[in-house]
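Asker: Shown below is the structure under consideration.
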Amino acid sequence: MELSVSGGTANTQHSRGLLLHAAVVFAFLYLPIAVLILYSFNGQGVGGFPPRNLTLDWYRILFADGPIWDSVFNSLQVAFAAMVIALAFGIPAALALDRAQFPGKAAFRRLVLLPLILPGIITGLSLLMLFNLGSIKLSLLTITLGHGTALISVATTEVFAGLQKLDRAQEEASLDLGANYWQTFWAITVPNLKLPIIGAALLIFTLSMDEIAVSFFLIGRDNTLPLEIWGRLRRGITPEINAVSTIIFIFSLVTIVLWYRLRVRAEDSVDVGSELVESSSLNTVSP
Amino acid sequence: MFSRAYKTVVTVPPLAWVAVFLLVPYLLMFCYSFWSVSPTQTIVHSWNLDNYKELLNKTVYWQTLLRSMWIAARVMLFSLLLGYPVAYYLSFYAGKRKDLLYQLVIIPLWVSYLVRAYAWKTILGYDGVFNTLLQYVHLTRHPLDFLLYSPFAVVLTLTHIYTPFTFLPIYAALEHIPRNLVEASHDLGATPAQTFWKVIFPLSIPGVLAGATFAFVLSLGDFLAPQLLGGPSGIMISNIVVSLFGAAYNWPLGAAISLAMLVIVASLLVFSERLERKWSFR
């Protein structure tokens, strides 16, 4: 959808100005990331220009650092469990919003989205009060419950958007041919929603790996990776943090590229996350 | 087509889960804000408005709240100023590079929030990258010490974090504009600037509102960036809440402040939703 009209010099000037602005914004967005990666190889600590004595020492220290890897393992566990919870409740919630009428439906839709729209501190503290009321000891489990609940919204919005494009005739045919609802769900509904579900799962996993505002209040004895980093930042900083961040960044990039390829191969224009952003502005969620 | 049993099975479990883990906690916060703490540090479940009175009477609370709103407003403004033209460029002028550039805006979102805040700290610090660069090229002799530990550092970092968030809904709104409207405007002799202000911008307002709300609301409640980069002059309202729930041990007062924040956020969401509706029906 490109402008086909040639507006002459005015148009060229217009677009050149915009290009320049875009270049500045991209520089701004990538400056910290570039600094982060560059200084993970800096022998002289986290600051100082120009970087001197390039070294891999920080990576060596990182790989020998037990607590960091424990926290990475904790985060992976939490993210995986949160993903399962969010999908287990988010997919039915999307089906309910698409196909059932029940009292409080509009309120439910909004409530589910709240953890994404509200500052994390409010959701984190509210859950802290709940666990405190139930005398539940804070641990990785409470963080998992928090992440799983907060991220139901991701599964619901992505799958709901997928359902809007789904051809119901297939499900109808399956039911008419004698399959029950359970069989139809696994044989027809899920395969048709493969892409939104995988997209939501990836997004939930990544968001959980990075989550800190909610985890901050629900942390027990064991740290997740962001909280481990947070603890170290307060004690003083070393390029080891740059090194671990660089590795995570590369992992995220690989995930994005894989997801992008999957999407292109499926020739589906759904973009993970964009449904979410659009529906989070509340009023677009109405069917 | 779907039986009653089917509907019950897909409705009840998510409803129950969300009620227990979202509705009850939010209500609990509401209740807490009317309770108090006894001198022996236990929660007294007697209903009163003392926390709200304290919130209004102690200047430090509402001043910090105002400062947080001012910081959030600046973040919102800068994110729009940075994000909008990029979205406009991508949607209308980027041609074949559109998809690639779109991904390039999104990628920073995948870098941990904490890590990006930390990266700014290493850039802005006294011995940081920026200061040593200035000395290296002999622009200054001594490091500038007003960069880090200031509201400026918080605004800069949060702008960096929320610019892609602001970009997304604006880009979506721009992509939904029927291109024949734009072509008609060109054909009728409007310059690109006129077309932009008379056709494109008004149609993109719902996206702008959504992006602005995102940036404002999420930065208003932030407590990590101010703690990491804000210094004493950059303390925000959530930092006070964190200390009330921690060392200061006054959960009810903390809950009341959170609720005040929630009211601001909720009214803003409702307000922007109304405006969005108004503008999308034009």
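Residue numbers (this note's numbering), protein chains in the order written: chain A, 1 to 287; chain B, 1 to 282.
Each residue gets a CB set at the ideal place from its N, CA and C atoms; glycine is no exception.
What you are looking at is a predicted structure, and each value in this text was computed from that prediction instead of being measured.
Could you give the C-beta distance for residue 143 (chain B) and residue 162 (chain B), rounded to a whole number, given that I count them as a contact under 8 Å?
Answerer: On the second sequence, position 143 is the one that residue 143 (chain B) refers to. On the second sequence, position 162 is the one that residue 162 (chain B) refers to. The pair is not a contact, with the Cβ atoms about 28 Å apart (cut-off 8 Å).
Asker: Which residue wins for smallest C-alpha separation from residue 221 (chain A), given the options A:15, A:71, A:27 and A:32?
Answerer: As a first step, residue 221 (chain A) must be located in the first sequence, where it is residue number 221. The candidate whose alpha carbon is nearest that of residue 221 (chain A) is A:71.
Asker: By the 8 Å beta-carbon criterion, what residues does the segment 115-138 of chain A contribute toward chain B?
Answerer: The residues in question are 115, 117, 118, 119, 120, 121, 122, 123, 125, 126, 127, 128, 129, 130 and 133.
Asker: Mind the definition here: the segment 199-214 of chain A touches the segment 133-142 of chain A only if three or more C-beta pairs lie below 8 Å; say whether that holds.
Answerer: No, because fewer than three Cβ pairs between the segment 199-214 of chain A and the segment 133-142 of chain A fall closer than 8 Å, the two stretches do not touch.
Asker: Is there a Cβ from chain B that is less than 9 Å from the Cβ of residue 55 (chain A)?
Answerer: Locating residue 55 (chain A) in the first sequence gives position 55, where the first residue counts as 1. No - not a single Cβ of chain B is within 9 Å of the one on residue 55 (chain A).
Asker: Terminal residues of the continuous alpha helix (DSSP H) containing residue 16 (chain B)?
Answerer: Reading the second sequence from its first residue, position 16 is the one you call residue 16 (chain B). It spans 4-18 - the alpha helix (DSSP H) in which residue 16 (chain B) sits, taken as one unbroken run.
Asker: Whole angstroms are fine: how far does the CA of residue 262 (chain B) sit from the CA of residue 224 (chain A)?
Answerer: Stepping through the first sequence from its first residue, residue 224 (chain A) is reached at position 224. Stepping through the second sequence from its first residue, residue 262 (chain B) is reached at position 262. The alpha-carbon atoms of residue 224 (chain A) and residue 262 (chain B) are separated by roughly 27 Å.
Asker: What does DSSP give as the partner residues of residue 36 (chain B) in its beta bridges?
Answerer: In the second sequence, residue 36 (chain B) corresponds to position 36, counting from 1. Answer by DSSP bridge pairing, in chain order: B:44.
Asker: Could you check if residue 121 (chain B) is buried or exposed, using at least 16 other CB atoms within 10 Å of its CB as the buried criterion?
Answerer: If you number the second sequence from 1, residue 121 (chain B) lands on position 121. Counting Cβ neighbours within 10 Å, residue 121 (chain B) comes out buried, since at least 16 surround it.
Asker: When you compare only the Cα positions, how much space is there between residue 5 (chain A) and residue 94 (chain B)?
Answerer: Walking along the first sequence from the start, residue 5 (chain A) turns up at place 5. Walking along the second sequence from the start, residue 94 (chain B) turns up at place 94. The pLDDT assigned to residue 5 (chain A) is 46, lower than 50, so where the model puts this residue is not dependable, and the model offers no usable value.
Asker: Which residues in chain B have a C-beta closer than 7 Å to the C-beta of residue 15 (chain A)? List them in chain order.
Answerer: Along the first sequence, one-based indexing puts residue 15 (chain A) at 15. Chain B residues near residue 15 (chain A): 93.
Asker: Quick one: grab the DSSP three-state call for residue 223 (chain A).
Answerer: Indexing the first sequence from 1 puts residue 223 (chain A) at position 223. DSSP places residue 223 (chain A) in coil when its eight states are reduced to three.
Asker: Rounded to whole angstroms, what's the CA-CA distance from residue 187 (chain A) to residue 69 (chain A)? Just pull it up for me.
Answerer: Counted from its first residue, the first sequence places residue 187 (chain A) at position 187. Counted from its first residue, the first sequence places residue 69 (chain A) at position 69. For residue 187 (chain A) and residue 69 (chain A), the distance between alpha carbons rounds to 40 Å.
Asker: Quick check on residue 227 (chain B): buried or exposed, where buried means 16 or more other Cβ atoms within 10 Å of its Cβ?
Answerer: Here the question's residue 227 (chain B) lines up with position 227 in the second sequence. Buried, because 16 or more other Cβ atoms sit within 10 Å of the Cβ of residue 227 (chain B).
Asker: With burial defined as no fewer than 16 other Cβ atoms inside 10 Å of the residue's Cβ, what is the status of residue 145 (chain B): buried or exposed?
Answerer: As a position in the second sequence, residue 145 (chain B) is number 145, starting the count at 1. Answer is exposed; the Cβ neighbour count stays below 16.
Asker: From the beta carbon of residue 353 (chain B), is the nearest beta carbon of chain A less than 9 Å away?
Answerer: For residue 353 (chain B) there is no data in the structure shown, the boundaries of chain B being 1 and 282.
Asker: Which runs of the alpha helix (DSSP H) fall wholly inside the segment 197-237 of chain B and span at least 4 residues, in chain order?
Answerer: Taking only runs of at least 4 residues, the alpha helix (DSSP H) segments lying wholly in the segment 197-237 of chain B are 201-220.
Asker: Whose Cβ in chain A lies nearer than 7 Å to the Cβ of residue 116 (chain B)?
Answerer: Numbered from 1 along the second sequence, position 116 holds the residue referred to as residue 116 (chain B). 32, listed in chain order.
Asker: Please tell me whether residue 153 (chain B) and residue 207 (chain B) are closer than 9 Å, where the distance is taken between their beta carbons.
Answerer: Within the second sequence, residue 153 (chain B) is the residue found at index 153, counting from 1. Within the second sequence, residue 207 (chain B) is the residue found at index 207, counting from 1. Not in contact: residue 153 (chain B) and residue 207 (chain B) (Cβ atoms no closer than 9 Å).
Asker: Can you list, in chain order, the residues of its chain whose CB lies under 7 Å from that of residue 255 (chain B), leaving out five sequence neighbours each side?
Answerer: Along the second sequence, one-based indexing puts residue 255 (chain B) at 255. Closer than 7 Å at Cβ, skipping near neighbours: 29, 32 and 33.
Asker: Looking only at its own chain, which residues have a Cβ that is under 6 Å from the Cβ of residue 165 (chain B), when we skip the five neighbours before and after it?
Answerer: The residue you call residue 165 (chain B) lines up with position 165 of the second sequence. Result list for residue 165 (chain B): 214, in chain order.
Asker: Using the beta-carbon of each residue, which ones in chain B are nearer than 9 Å to residue 59 (chain A)?
Answerer: As a working mapping, residue 59 (chain A) is identified with position 59 in the first sequence. Simply none; closest approach about 16 Å.
Asker: Just to confirm, is the Cβ distance from residue 239 (chain A) to residue 45 (chain A) under 9 Å?
Answerer: Sequence index remark: in the first sequence, residue 239 (chain A) carries index 239 (1-based). Sequence index remark: in the first sequence, residue 45 (chain A) carries index 45 (1-based). Closer than 9 Å, so yes.
Asker: For the segment 214-223 of chain B and the segment 113-120 of chain A, state whether three or more C-beta atom pairs, one from each stretch, are separated by less than 8 Å.
Answerer: Yes, they touch.
Asker: At the 9 Å Cβ level, is residue 71 (chain A) part of the contact set with chain B, yes or no?
Answerer: Here residue 71 (chain A) is taken as the residue at index 71 of the first sequence, counted from 1. Closer than 9 Å: no.
Asker: For a cutoff of 9 Å on Cβ pairs, would you count residue 243 (chain B) as touching chain C?
Answerer: Chain labels in this structure do not include chain C; the protein chains are A and B.
Asker: Taking a cut of 8 Å between CB atoms, which residues from the segment 159-170 of chain B lie near chain A?
Answerer: Cβ contacts with chain A: 160, 163, 164, 165, 168 and 169.
Asker: With a threshold of 9 Å between beta carbons, is residue 47 (chain A) in contact with chain B?
Answerer: Taking the first residue of the first sequence as position 1, residue 47 (chain A) is located at position 47. With 9 Å as the cut-off, residue 47 (chain A) counts as an interface residue toward chain B.
Asker: Can you find a CB in chain A that lies within less than 9 Å of the CB of residue 145 (chain B)?
Answerer: Numbered from its first residue, the second sequence carries residue 145 (chain B) at position 145. Taking Cβ atoms only, chain A never reaches closer than 9 Å to residue 145 (chain B), which makes this a no.
Asker: Using a Cβ-Cβ cut-off of 7 Å (strictly less than) and excluding sequence neighbours within five positions of residue 212 (chain A), which residues of its own chain qualify?
Answerer: Counted from its first residue, the first sequence places residue 212 (chain A) at position 212. Closer than 7 Å at the Cβ level, and outside the excluded window around residue 212 (chain A), lie 226, 227 and 230.
Asker: Could you tell me the distance, in whole angstroms, from the CA atom of residue 123 (chain B) to the CA atom of residue 162 (chain A)?
Answerer: Taking the second sequence and counting its residues from 1, one reaches residue 123 (chain B) at position 123. Taking the first sequence and counting its residues from 1, one reaches residue 162 (chain A) at position 162. The alpha-carbon atoms of residue 123 (chain B) and residue 162 (chain A) are separated by roughly 42 Å.
Asker: How would you label residue 271 (chain B), buried or exposed, when you count the other beta carbons within 10 angstroms and need 16 or more for buried?
Answerer: Taking the first residue of the second sequence as position 1, residue 271 (chain B) is located at position 271. Per the 10 Å Cβ criterion, exposed.
Asker: Could you check which residue in A:242, A:263 and A:256 has the C-alpha nearest to that of residue 39 (chain A)?
Answerer: Walking along the first sequence from the start, residue 39 (chain A) turns up at place 39. Here the closest residue by C-alpha is A:242.
Asker: Between residue 237 (chain B) and the rest of its own chain, which residues show a CB-CB distance below 7 Å, the 5 nearest in sequence each way excluded?
Answerer: As a position in the second sequence, residue 237 (chain B) is number 237, starting the count at 1. Counting only Cβ-Cβ distances below 7 Å, and skipping sequence neighbours, we find 64, 65, 68, 257 and 261.
Asker: Using the Cβ count rule (16 or more neighbours within 10 Å means buried), how would you classify residue 250 (chain A)?
Answerer: The sequence position of residue 250 (chain A) within the first sequence is 250, counting from 1. Counting Cβ neighbours within 10 Å, residue 250 (chain A) comes out exposed, since fewer than 16 surround it.
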